[in-house]
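Here's the structure we're looking at; comments come further down.
Residue numbers (my numbering): 308 to 692.
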(Lines of atoms letter the chains of each structure in order from A and count residues from 1; the text may use other names and numbers.)
(Lines give C-alpha, C1' and ligand atoms only; values in the text may rest on other atoms or scores of the structure.)
Protein backbone atom coordinates (compact mmCIF):
# COMPACT_ATOMS: atom_id res chain seq x y z
CA UNK A 1 0.00 0.00 0.00
CA UNK A 2 1.31 3.44 -0.92
CA UNK A 3 2.16 5.46 2.15
CA UNK A 4 1.63 9.19 2.54
CA UNK A 5 5.40 9.60 2.69
CA UNK A 6 5.98 7.93 -0.66
CA UNK A 7 3.17 9.98 -2.22
CA UNK A 8 4.62 13.19 -0.81
CA UNK A 9 8.09 12.35 -2.12
CA UNK A 10 6.75 11.43 -5.55
CA UNK A 11 4.89 14.75 -5.84
CA UNK A 12 8.02 16.66 -4.94
CA UNK A 13 10.20 14.72 -7.39
CA UNK A 14 7.66 15.11 -10.17
CA UNK A 15 7.44 18.86 -9.54
CA UNK A 16 11.18 19.50 -9.67
CA UNK A 17 11.59 17.14 -12.60
CA UNK A 18 9.04 19.16 -14.57
CA UNK A 19 11.13 22.27 -13.85
CA UNK A 20 14.33 20.58 -15.03
CA UNK A 21 15.78 20.63 -11.51
CA UNK A 22 15.96 16.94 -10.60
CA UNK A 23 19.39 16.10 -9.23
CA UNK A 24 21.25 12.82 -8.89
CA UNK A 25 24.53 11.86 -7.26
CA UNK A 26 27.47 12.32 -9.59
CA UNK A 27 31.01 10.97 -9.55
CA UNK A 28 34.26 12.66 -10.47
CA UNK A 29 35.45 9.36 -11.97
CA UNK A 30 35.91 9.72 -15.72
CA UNK A 31 36.38 6.66 -17.92
CA UNK A 32 37.53 8.73 -20.89
CA UNK A 33 41.01 9.93 -19.94
CA UNK A 34 40.94 12.64 -22.62
CA UNK A 35 38.16 14.45 -20.74
CA UNK A 36 39.33 17.23 -18.40
CA UNK A 37 37.42 17.37 -15.11
CA UNK A 38 36.38 20.94 -14.23
CA UNK A 39 33.92 19.97 -11.51
CA UNK A 40 36.27 19.29 -8.58
CA UNK A 41 37.10 21.89 -5.93
CA UNK A 42 40.60 20.47 -5.45
CA UNK A 43 41.97 23.79 -6.72
CA UNK A 44 45.64 23.14 -5.91
CA UNK A 45 45.63 19.46 -6.87
CA UNK A 46 46.71 18.34 -3.40
CA UNK A 47 44.09 15.63 -2.91
CA UNK A 48 46.16 13.08 -4.83
CA UNK A 49 49.62 14.30 -3.88
CA UNK A 50 51.91 11.67 -2.37
CA UNK A 51 52.81 13.96 0.49
CA UNK A 52 49.18 14.43 1.58
CA UNK A 53 48.35 10.76 1.08
CA UNK A 54 51.32 9.71 3.21
CA UNK A 55 50.25 12.09 6.00
CA UNK A 56 46.75 10.64 5.84
CA UNK A 57 48.12 7.11 6.20
CA UNK A 58 50.30 8.17 9.13
CA UNK A 59 47.28 9.68 10.91
CA UNK A 60 45.30 6.52 10.26
CA UNK A 61 48.02 4.32 11.75
CA UNK A 62 48.42 6.52 14.83
CA UNK A 63 44.81 7.44 15.64
CA UNK A 64 42.64 4.94 13.77
CA UNK A 65 39.85 5.67 11.32
CA UNK A 66 37.46 7.61 13.57
CA UNK A 67 37.35 10.06 16.45
CA UNK A 68 34.68 7.67 17.81
CA UNK A 69 32.76 10.27 19.74
CA UNK A 70 31.68 13.84 20.31
CA UNK A 71 34.43 16.42 20.89
CA UNK A 72 32.94 17.20 24.30
CA UNK A 73 33.01 13.54 25.36
CA UNK A 74 36.09 11.78 23.97
CA UNK A 75 36.60 12.79 20.33
CA UNK A 76 38.97 15.74 20.74
CA UNK A 77 42.39 14.23 19.99
CA UNK A 78 45.94 15.56 19.97
CA UNK A 79 45.90 15.83 16.17
CA UNK A 80 42.86 18.13 16.33
CA UNK A 81 44.63 20.41 18.80
CA UNK A 82 47.81 20.46 16.71
CA UNK A 83 45.89 21.42 13.58
CA UNK A 84 43.96 24.16 15.39
CA UNK A 85 47.24 25.64 16.64
CA UNK A 86 48.64 25.59 13.10
CA UNK A 87 45.52 27.33 11.80
CA UNK A 88 45.86 30.05 14.44
CA UNK A 89 49.52 30.58 13.58
CA UNK A 90 48.64 30.76 9.88
CA UNK A 91 45.69 33.13 10.03
CA UNK A 92 46.56 35.18 13.09
CA UNK A 93 43.57 34.26 15.26
CA UNK A 94 43.73 33.11 18.86
CA UNK A 95 41.27 30.21 18.79
CA UNK A 96 40.01 27.63 16.30
CA UNK A 97 37.32 24.95 16.23
CA UNK A 98 36.90 22.17 13.66
CA UNK A 99 33.65 20.97 12.09
CA UNK A 100 32.63 17.96 10.03
CA UNK A 101 31.46 20.12 7.10
CA UNK A 102 31.43 23.72 5.94
CA UNK A 103 27.64 23.74 5.69
CA UNK A 104 27.33 22.54 9.27
CA UNK A 105 29.85 25.12 10.49
CA UNK A 106 28.05 28.04 8.84
CA UNK A 107 24.57 26.96 9.83
CA UNK A 108 25.54 26.14 13.40
CA UNK A 109 27.54 29.32 13.97
CA UNK A 110 24.87 31.63 12.56
CA UNK A 111 22.05 29.91 14.44
CA UNK A 112 24.07 29.85 17.65
CA UNK A 113 25.54 33.36 17.68
CA UNK A 114 22.66 35.43 16.28
CA UNK A 115 19.49 35.76 18.35
CA UNK A 116 15.97 37.10 18.15
CA UNK A 117 16.14 40.89 18.05
CA UNK A 118 19.51 40.95 16.28
CA UNK A 119 20.03 42.26 12.75
CA UNK A 120 21.96 40.13 10.24
CA UNK A 121 23.02 42.01 7.10
CA UNK A 122 24.05 39.39 4.57
CA UNK A 123 25.07 39.57 0.93
CA UNK A 124 22.18 38.44 -1.27
CA UNK A 125 24.30 35.75 -2.94
CA UNK A 126 25.80 34.33 0.26
CA UNK A 127 25.75 30.54 0.61
CA UNK A 128 22.51 28.91 1.69
CA UNK A 129 24.17 27.49 4.81
CA UNK A 130 24.62 31.04 6.13
CA UNK A 131 21.06 31.95 5.24
CA UNK A 132 19.61 28.81 6.80
CA UNK A 133 21.55 29.37 10.01
CA UNK A 134 20.33 32.95 10.22
CA UNK A 135 16.72 31.85 9.71
CA UNK A 136 17.13 29.29 12.50
CA UNK A 137 18.46 31.96 14.85
CA UNK A 138 15.27 34.03 14.82
CA UNK A 139 17.25 37.19 14.03
CA UNK A 140 15.98 39.60 11.40
CA UNK A 141 17.82 38.87 8.16
CA UNK A 142 18.31 41.63 5.58
CA UNK A 143 19.90 40.49 2.31
CA UNK A 144 21.60 43.50 0.80
CA UNK A 145 22.25 43.80 -2.94
CA UNK A 146 25.19 41.66 -4.05
CA UNK A 147 28.38 43.68 -3.47
CA UNK A 148 26.15 46.69 -2.74
CA UNK A 149 28.22 48.61 -0.21
CA UNK A 150 26.07 51.75 -0.33
CA UNK A 151 23.02 49.64 0.45
CA UNK A 152 24.94 47.95 3.25
CA UNK A 153 25.94 51.30 4.74
CA UNK A 154 22.36 52.55 4.52
CA UNK A 155 21.25 49.60 6.63
CA UNK A 156 24.12 50.12 9.06
CA UNK A 157 23.17 53.77 9.46
CA UNK A 158 19.56 52.86 10.11
CA UNK A 159 20.08 50.11 12.65
CA UNK A 160 23.08 51.65 14.39
CA UNK A 161 20.67 54.26 15.75
CA UNK A 162 18.88 51.51 17.64
CA UNK A 163 20.21 49.32 20.41
CA UNK A 164 20.02 46.18 18.28
CA UNK A 165 23.10 44.02 17.75
CA UNK A 166 24.30 43.83 14.14
CA UNK A 167 26.12 41.12 12.19
CA UNK A 168 27.56 41.61 8.70
CA UNK A 169 28.07 38.39 6.76
CA UNK A 170 29.71 37.78 3.39
CA UNK A 171 31.63 35.21 1.41
CA UNK A 172 35.16 36.12 0.41
CA UNK A 173 34.88 34.46 -3.01
CA UNK A 174 31.35 33.76 -4.19
CA UNK A 175 30.90 30.14 -5.13
CA UNK A 176 28.67 30.59 -8.17
CA UNK A 177 29.79 33.84 -9.80
CA UNK A 178 33.46 33.61 -8.85
CA UNK A 179 33.68 37.28 -7.86
CA UNK A 180 34.95 38.66 -4.59
CA UNK A 181 33.86 41.70 -2.55
CA UNK A 182 35.79 44.83 -1.68
CA UNK A 183 36.55 43.66 1.84
CA UNK A 184 38.66 46.74 2.48
CA UNK A 185 35.54 48.86 2.10
CA UNK A 186 33.64 46.71 4.59
CA UNK A 187 36.61 47.01 6.95
CA UNK A 188 36.30 50.80 6.65
CA UNK A 189 32.60 50.54 7.50
CA UNK A 190 33.57 48.58 10.60
CA UNK A 191 35.52 51.60 11.81
CA UNK A 192 32.36 53.73 11.57
CA UNK A 193 29.73 51.27 12.79
CA UNK A 194 29.60 48.68 15.54
CA UNK A 195 28.98 45.21 14.11
CA UNK A 196 30.31 41.66 14.25
CA UNK A 197 31.89 40.72 10.92
CA UNK A 198 31.72 37.10 9.76
CA UNK A 199 33.48 36.01 6.55
CA UNK A 200 33.19 32.65 4.81
CA UNK A 201 36.59 32.01 3.14
CA UNK A 202 35.63 28.61 1.70
CA UNK A 203 36.75 29.23 -1.87
CA UNK A 204 39.49 31.83 -1.35
CA UNK A 205 41.73 29.87 1.02
CA UNK A 206 44.82 28.48 -0.70
CA UNK A 207 44.30 30.28 -4.01
CA UNK A 208 44.68 33.88 -2.83
CA UNK A 209 46.86 35.78 -0.39
CA UNK A 210 50.35 35.41 1.03
CA UNK A 211 50.80 31.81 2.21
CA UNK A 212 47.31 31.14 0.81
CA UNK A 213 45.49 33.15 3.48
CA UNK A 214 42.60 33.81 1.13
CA UNK A 215 40.92 36.96 -0.08
CA UNK A 216 40.97 38.39 3.46
CA UNK A 217 44.73 37.93 3.51
CA UNK A 218 45.17 39.36 0.02
CA UNK A 219 43.19 42.49 0.90
CA UNK A 220 44.85 42.85 4.29
CA UNK A 221 41.68 42.73 6.38
CA UNK A 222 42.14 39.57 8.47
CA UNK A 223 42.74 41.72 11.54
CA UNK A 224 39.31 43.34 11.13
CA UNK A 225 37.35 40.10 10.78
CA UNK A 226 35.74 38.86 14.00
CA UNK A 227 35.00 35.32 12.89
CA UNK A 228 36.35 33.52 9.82
CA UNK A 229 35.06 30.22 8.49
CA UNK A 230 37.06 28.08 6.09
CA UNK A 231 36.59 24.69 4.50
CA UNK A 232 38.91 21.71 4.32
CA UNK A 233 37.20 20.17 1.30
CA UNK A 234 38.51 22.47 -1.41
CA UNK A 235 42.10 23.74 -1.67
CA UNK A 236 42.97 21.93 1.56
CA UNK A 237 42.23 18.56 -0.05
CA UNK A 238 40.34 16.92 2.81
CA UNK A 239 36.87 17.18 4.31
CA UNK A 240 35.41 19.31 7.07
CA UNK A 241 35.75 22.94 8.09
CA UNK A 242 37.20 25.30 10.66
CA UNK A 243 36.09 28.46 12.42
CA UNK A 244 38.52 31.06 13.73
CA UNK A 245 37.83 33.18 16.82
CA UNK A 246 39.49 36.16 18.46
CA UNK A 247 39.05 34.94 22.03
CA UNK A 248 38.21 31.87 24.08
CA UNK A 249 34.91 33.32 25.33
CA UNK A 250 33.21 33.19 21.93
CA UNK A 251 34.87 29.85 21.12
CA UNK A 252 33.68 28.31 24.39
CA UNK A 253 30.20 29.73 23.81
CA UNK A 254 30.06 28.04 20.39
CA UNK A 255 31.24 24.73 21.84
CA UNK A 256 28.50 24.86 24.48
CA UNK A 257 25.65 26.60 22.66
CA UNK A 258 25.88 25.11 19.16
CA UNK A 259 24.19 21.74 19.57
CA UNK A 260 25.18 20.71 16.03
CA UNK A 261 28.78 20.76 17.30
CA UNK A 262 28.10 19.11 20.63
CA UNK A 263 26.00 16.18 19.48
CA UNK A 264 28.00 14.83 16.55
CA UNK A 265 31.03 12.61 16.13
CA UNK A 266 34.11 14.79 15.70
CA UNK A 267 36.11 15.12 12.51
CA UNK A 268 37.97 11.89 11.70
CA UNK A 269 41.70 12.11 12.52
CA UNK A 270 42.63 10.84 9.04
CA UNK A 271 40.91 13.90 7.55
CA UNK A 272 42.74 16.18 9.95
CA UNK A 273 46.03 14.55 9.01
CA UNK A 274 45.36 15.27 5.34
CA UNK A 275 44.31 18.86 6.02
CA UNK A 276 47.28 19.55 8.27
CA UNK A 277 49.73 18.40 5.60
CA UNK A 278 47.85 20.34 2.91
CA UNK A 279 48.17 23.46 5.06
CA UNK A 280 51.93 22.94 5.25
CA UNK A 281 52.07 22.56 1.45
CA UNK A 282 49.99 25.70 0.92
CA UNK A 283 52.23 27.78 3.17
CA UNK A 284 55.30 26.65 1.22
CA UNK A 285 53.99 27.73 -2.21
CA UNK A 286 56.08 30.58 -3.61
CA UNK A 287 54.27 33.84 -4.27
CA UNK A 288 55.55 33.81 -7.85
CA UNK A 289 53.89 30.44 -8.39
CA UNK A 290 50.59 31.71 -6.97
CA UNK A 291 50.73 34.78 -9.20
CA UNK A 292 51.43 32.58 -12.21
CA UNK A 293 48.31 30.46 -11.85
CA UNK A 294 46.21 33.57 -11.13
CA UNK A 295 47.48 35.19 -14.33
CA UNK A 296 46.72 32.04 -16.31
CA UNK A 297 43.18 31.94 -14.91
CA UNK A 298 42.73 35.61 -15.81
CA UNK A 299 43.99 34.96 -19.35
CA UNK A 300 41.47 32.13 -19.75
CA UNK A 301 38.57 34.34 -18.73
CA UNK A 302 39.72 37.05 -21.15
CA UNK A 303 40.13 34.54 -23.97
CA UNK A 304 36.55 33.42 -23.42
CA UNK A 305 35.32 37.01 -23.02
CA UNK A 306 33.64 36.25 -19.72
CA UNK A 307 33.31 39.42 -17.60
CA UNK A 308 33.39 39.48 -13.84
CA UNK A 309 30.77 41.63 -12.12
CA UNK A 310 32.38 42.01 -8.73
CA UNK A 311 35.26 43.99 -7.30
CA UNK A 312 37.43 41.40 -9.02
CA UNK A 313 37.78 37.65 -9.25
CA UNK A 314 38.89 37.40 -12.87
CA UNK A 315 42.02 35.62 -11.62
CA UNK A 316 40.12 33.17 -9.43
CA UNK A 317 39.43 29.43 -9.66
CA UNK A 318 35.69 29.74 -10.40
CA UNK A 319 34.62 30.55 -13.94
CA UNK A 320 30.86 30.78 -14.62
CA UNK A 321 29.30 30.61 -18.08
CA UNK A 322 25.71 31.80 -17.88
CA UNK A 323 23.39 29.79 -20.13
CA UNK A 324 19.83 30.62 -19.05
CA UNK A 325 17.24 27.87 -18.68
CA UNK A 326 17.57 24.59 -16.83
CA UNK A 327 17.00 22.57 -20.00
CA UNK A 328 19.60 24.54 -21.95
CA UNK A 329 22.29 24.25 -19.27
CA UNK A 330 21.90 20.46 -19.05
CA UNK A 331 22.06 20.15 -22.82
CA UNK A 332 25.11 22.43 -23.01
CA UNK A 333 26.91 20.45 -20.29
CA UNK A 334 26.52 17.32 -22.44
CA UNK A 335 28.00 19.13 -25.43
CA UNK A 336 30.96 20.27 -23.32
CA UNK A 337 31.56 16.66 -22.30
CA UNK A 338 31.49 15.56 -25.93
CA UNK A 339 34.23 18.13 -26.56
CA UNK A 340 36.39 16.88 -23.69
CA UNK A 341 35.32 18.99 -20.70
CA UNK A 342 33.34 17.79 -17.71
CA UNK A 343 31.65 20.85 -16.20
CA UNK A 344 29.06 21.40 -13.48
CA UNK A 345 25.59 22.53 -14.61
CA UNK A 346 24.21 24.77 -11.85
CA UNK A 347 20.45 25.28 -11.68
CA UNK A 348 17.94 26.95 -9.33
CA UNK A 349 17.68 27.11 -6.40
CA UNK A 350 21.49 27.34 -6.35
CA UNK A 351 21.21 30.30 -8.74
CA UNK A 352 18.28 32.66 -9.55
CA UNK A 353 15.60 31.61 -12.02
CA UNK A 354 16.67 32.09 -15.62
CA UNK A 355 20.33 32.22 -14.68
CA UNK A 356 21.40 28.59 -14.87
CA UNK A 357 25.10 28.37 -15.56
CA UNK A 358 28.04 26.11 -16.17
CA UNK A 359 30.62 26.38 -13.41
CA UNK A 360 34.19 25.64 -14.39
CA UNK A 361 36.39 24.93 -11.37
CA UNK A 362 40.02 25.45 -12.30
CA UNK A 363 43.14 23.75 -10.98
CA UNK A 364 46.67 25.07 -10.93
CA UNK A 365 48.05 22.32 -13.17
CA UNK A 366 45.57 22.68 -16.05
CA UNK A 367 46.50 23.75 -19.57
CA UNK A 368 44.34 26.87 -19.90
CA UNK A 369 44.90 27.10 -23.66
CA UNK A 370 43.46 23.63 -24.18
CA UNK A 371 40.49 24.50 -21.98
CA UNK A 372 39.87 27.72 -23.91
CA UNK A 373 39.93 25.84 -27.22
CA UNK A 374 37.47 23.22 -25.99
CA UNK A 375 35.11 25.79 -24.47
CA UNK A 376 35.11 27.82 -27.67
CA UNK A 377 34.45 24.70 -29.73
CA UNK A 378 31.60 23.70 -27.41
CA UNK A 379 29.98 27.14 -27.52
CA UNK A 380 30.24 27.39 -31.32
CA UNK A 381 28.51 24.09 -31.79
CA UNK A 382 25.80 24.83 -29.27
CA UNK A 383 22.35 23.66 -30.34
CA UNK A 384 20.45 24.07 -27.09
CA UNK A 385 17.59 26.55 -27.04
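Glycine is no exception: its CB is placed at the ideal position from the N, C-alpha and C atoms.
Identity of the residue in the options nearest residue i by Cα
i	options	result
residue 679	652, 647, 360 and 654	647
residue 410	435, 430, 428 and 656	435
residue 343	658, 366, 629 and 650	650
residue 489	659, 356, 387 and 525	525
residue 493	576, 469, 430 and 439	430
residue 522	487, 383 and 536	487
residue 465	340, 482, 499 and 485	499
residue 663	415, 484 and 682	484
residue 570	332, 547 and 379	379
residue 406	642, 658 and 551	551
residue 607	671, 642, 583 and 659	671
residue 658	449, 482, 366 and 370	482
residue 351	661, 470 and 545	545
residue 656	329, 516 and 318	329
residue 389	613, 582 and 632	582
residue 564	315, 415 and 609	415
residue 549	376, 387 and 309	387
residue 630	661, 619 and 355	661
Residue i and residue j closer than 7 Å at C-beta
i	j	result
residue 567	residue 601	no
residue 348	residue 668	yes
residue 451	residue 428	yes
residue 374	residue 572	yes
residue 353	residue 585	yes
residue 593	residue 675	no
residue 534	residue 562	no
residue 283	residue 666	The chain is shown from 308 up to 692; residue 283 falls before or after that span and cannot be answered.
residue 634	residue 327	yes
residue 536	residue 559	no
residue 432	residue 460	no
residue 577	residue 367	yes
residue 682	residue 611	yes
Pairwise C-alpha distance: residue j and residue i
i	j	result
residue 275	residue 532	There is simply no residue 275 to check, as the chain begins at 308 and stops at 692 in what is shown.
residue 574	residue 540	12 Å
residue 472	residue 425	5 Å
residue 453	residue 320	31 Å
residue 323	residue 393	44 Å
residue 685	residue 605	20 Å
residue 580	residue 519	19 Å
residue 542	residue 637	27 Å
residue 527	residue 538	20 Å
residue 340	residue 599	26 Å
residue 652	residue 640	6 Å
residue 474	residue 645	46 Å
residue 331	residue 469	47 Å
residue 501	residue 515	28 Å
residue 547	residue 673	25 Å
Touch check for the region 391-404 and the region 581-601: three-plus C-beta pairs under 8 Å?
-> Short answer: they touch.
Do the region 415-427 and the region 438-452 make contact, defined as three or more Cβ pairs closer than 8 Å?
-> The region 415-427 vs the region 438-452: in contact.
Kindly provide the ranges of any alpha helix (DSSP H) runs that are 4 or more residues long and lie completely inside the region 318-396, ordered along the chain.
-> Listed in chain order, the complete alpha helix (DSSP H) runs (minimum 4 residues) inside the region 318-396 are 357-370.
Mind pulling the alpha helix (DSSP H) runs of 4 or more residues that sit fully within the region 396-429?
-> List check, alpha helix (DSSP H) in window: 409-420.
Below 8 Å, can you find three or more Cβ-Cβ pairs linking the region 473-480 to the region 507-523?
-> Short answer: they touch.
Say whether the region 356-367 touches the region 555-567, bearing in mind that this needs 3 or more beta-carbon pairs closer than 8 Å, one atom from each stretch.
-> When C-beta atoms of the region 356-367 are compared with those of the region 555-567, fewer than three pairs fall below 8 Å, so the two segments do not count as touching.
Where are the beta strand (DSSP E) runs, 3 residues long or more, that stay fully inside the region 607-668, in chain order?
-> You should have 625-631, 651-653 and 663-668.
Whole alpha helix (DSSP H) elements within the region 505-532, 4-residue minimum | The region 505-532 contains these whole alpha helix (DSSP H) runs: 521-525.
Runs of alpha helix (DSSP H) wholly within the region 431-511 (minimum 4 residues, chain order) | The qualifying runs are 435-444, 456-467 and 490-499.
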